[in-house]
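**Student:** Its first residue numbered 5, the sequence shown is counted upward by one per residue in this note's numbering.
Below: one structure in structure tokens.
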Amino acid sequence: MPDALLIPCPHCNGLNRIPADRLADRPKCGRCKQAVLPGKPFALKQEGYASQLRGDLPLLVDVWAEWCGPCKSFSPTFEQAAVQLSGRCRLAKLDSEANPQLAGQLNIRSIPTLILFKGGVEVARQSGAFPLPQLLAWLGSQGVS
Ligand code: ZN
């Protein structure tokens, strides 16, 4: 692991440089002073997308919509995963209805869909909701654990 990691702020999209040994210390954003790694999913939006893809931690995006039942039942699982993976992977939720352009750009055909990005590039994608152990196993197979 490098000495410091570049991590975009989920609140203001500012890029922070966080020492690797401080990841567990609830680092605050240099710009907006809010938590850089809140330990819960943040809302990914069209305007912050390019910034959020940057940085050294993998980004896992849950694409959902308000009307989608399976998306809602998957939500608590995704939140648990955010706690478990805090400091190792960033988790975000993309409301496909509120961000139709981005959903189109990502070629979303069904929801829920999970997309894993590393280094700004999509490395894996899964459709459908699944239980936490299975989610963590899938991420593990992608080198995120
Ligand atoms: Zn910030």
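The beta-carbon is built from N, C-alpha and C at its ideal position, and this holds for glycine as well.
Here the structure is a predicted model, which means the values were calculated and not measured.
(1) Give the secondary structure of residue 79 by DSSP, where H, G and I count as helix, E and B as strand, and everything else as coil.
(2) Between the segment 12-19 and the segment 35-52, can you find at least three pairs of beta-carbon atoms closer than 8 Å?
(3) Identify every residue that forms a DSSP beta bridge with residue 131.
(4) How many Å lie between residue 115 and residue 106 at the Cα?
(5) Tell me the DSSP secondary structure of residue 71 in three-state form.
(6) Quick one: what's got a C-beta closer than 6 Å to residue 60's C-beta in the same chain, skipping five residues either side?
(7) For residue 66, is the classification buried or exposed, using 16 other Cβ atoms within 10 angstroms of its Cβ as the cut-off for buried?
(8) Using CA coordinates, which residue listed in 146, 31, 24, 20 is at the minimum distance from residue 122?
(9) DSSP three-state call for residue 101: helix, strand or coil?
(10) In the DSSP output, which residue or residues are listed as bridge partners for residue 122?
**Tutor:** On the basis of the data shown:
(1) Position 75 of the sequence shown, counted from the start, is the residue given in the question as residue 79. Looking at residue 79 - three-state DSSP - the assignment turns out to be helix.
(2) yes
(3) As a position in the sequence shown, residue 131 is number 127, starting the count at 1. Per DSSP, 117.
(4) Mapped onto the sequence shown, residue 115 falls at position 111. Mapped onto the sequence shown, residue 106 falls at position 102. Looking at the two C-alpha atoms, the distance is approximately 14 Å.
(5) Working through the sequence shown from its first residue, we reach residue 71 at position 67. In this structure, residue 71 counts as coil in the three-state DSSP scheme.
(6) What you label residue 60 is simply residue 56 of the sequence shown in a count that begins at 1. If we look at residue 60 and ignore the five residues flanking it on each side, its Cβ neighbours are 9, 10.
(7) Position 62 of the sequence shown holds residue 66. Counting Cβ neighbours within 10 Å, residue 66 comes out buried, since at least 16 surround it.
(8) As a first step, residue 122 must be located in the sequence shown, where it is residue number 118. Relative to the Cα of residue 122, the nearest Cα in the group 146, 31, 24, 20 belongs to 146.
(9) Translated into positions along the sequence shown, residue 101 becomes position 97. Coil at residue 101, not helix or strand.
(10) Along the sequence shown, read from residue 1 onward, the residue named residue 122 stands at position 118. DSSP lists 125 as partners of residue 122.
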